[in-house]
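S.K.: Residue numbers (the numbering used here): 92 to 257. C-beta: ideal position from N, C-alpha, C; glycine also. Model, not experiment: these values are computed from the prediction. My questions will all concern the structure given below.
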Amino acid sequence: MTPLLQWLSDGYEGRDIDDYISEMPEYYTTHDSNATEFNILNPTHSVRPVAQYDPDSHSANDLYRRVNRVARNLVEDIAEAARSEDIYVFTLGLGSSLTSATGPDSEFGEDLLLRMANSSALLDDPDLSSDYDPNQLEGVYCHAVDEEALGPCFDEMLDVIIRLTL
């Protein structure tokens with residue numbers, strides 16, 4: 092049994108994960124072990140570069156930074172691939188934390204959801220306007236500040252879906 096599998100079977104409680112990881116995979120291969128479409132490692136990424144993790148020279152904070160960047164890069168890359176295949180991407184955010192800077196790069200969750208949807212609202216922010224791709228489908232992003240605001244968000248998405256099917 093590999094150290095990672097042993098660690099998982101022993102009831103890992105969330106500490107010292109960096110002691111069990113020797114390197115990060117180059118590609119996201121969850122559904123196909125030969126897949127190379129989505130990078131995990133991307134040292135030349137323009138916003139969130141991700142270089143290989145080396146447990147001998149990097150800290151747990153270095154691993155955290157890399158994993159956080161991979162998580163953000165991967166969902167944006169997958170959403171972009173979906174849009175390039177003429178799939179509309181709808182994103183829904185719930186709660187106030189979306190508008191607070193979080194993570195090692197102090198990013199806003201709302202920005203990630205706007206980019207995933209390729210919302211034209213990106214054009215309203217000079218820091219995000221270059222992320223809008225007019226050559227790809229524009230989806231919908233809606234931010235519900237609380238559970239009561241979910242209804243209007245679902246209505247907005249439903250309106251767009253109905254328009255698309257007519």
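With a cut-off of 8 Å, do at least 3 Cβ pairs link the region 172-183 to the region 146-153?
M.R.: Taking 8 Å as the limit for Cβ pairs, the verdict is that the region 146-153 does not touch the region 172-183.
S.K.: Just list the residues that DSSP pairs Glu198 with in beta bridges.
M.R.: According to DSSP, Glu198 bridges with Thr193.
S.K.: Quick one: grab the DSSP three-state call for Asn130.
M.R.: Correct three-state label for Asn130: strand.
S.K.: Cutting at 6 Å between CB atoms, please list the residues of its own chain near Leu204, excluding the five before and the five after it.
M.R.: If we look at Leu204 and ignore the five residues flanking it on each side, its Cβ neighbours are Thr182, Gly184, Tyr232.
S.K.: What is the C-beta distance between Asp177 and Leu228, in whole angstroms, given that I count them as a contact (C-beta under 8 Å)?
M.R.: At roughly 6 Å, the Cβ-Cβ gap stays under 8 Å, so Asp177 and Leu228 are in contact.
S.K.: Return the chain-ordered ranges of every beta strand (DSSP E) run that is complete within the region 138-169 and spans a minimum of 3 residues.
M.R.: Complete beta strand (DSSP E) runs here, min 3: none at all.
S.K.: Could you check the C-alpha separation between Asn209 and His122 for me, to the nearest Å?
M.R.: Their backbone Cα atoms lie some 25 Å apart in a straight line.
S.K.: Just how far apart, CA to CA, sit Leu241 and Met207?
M.R.: In a straight line, the C-alpha of Leu241 is about 19 Å away from that of Met207.
S.K.: What does DSSP give as the partner residue(s) for Phe181 in the beta ladder?
M.R.: According to DSSP, Phe181 bridges with Val231.
S.K.: Might you give, ordered along the chain, the residues of its own chain that have their beta carbon closer than 7 Å to the beta carbon of Asp224, omitting 5 neighbours on each side?
M.R.: Taken in chain order, the residues that qualify are Asn209.
S.K.: Taking the alpha helix (DSSP H) that Pro243 belongs to, which residues open and close that run?
M.R.: Its alpha helix (DSSP H) spans residues 241-256.
S.K.: By DSSP's criteria, Tyr118 is part of a beta bridge. Which residues make up the other side?
M.R.: Partner(s): Asn130.
S.K.: Can you look up Ser188 in the DSSP assignment and give me helix, strand or coil?
M.R.: In this structure, Ser188 counts as helix in the three-state DSSP scheme.
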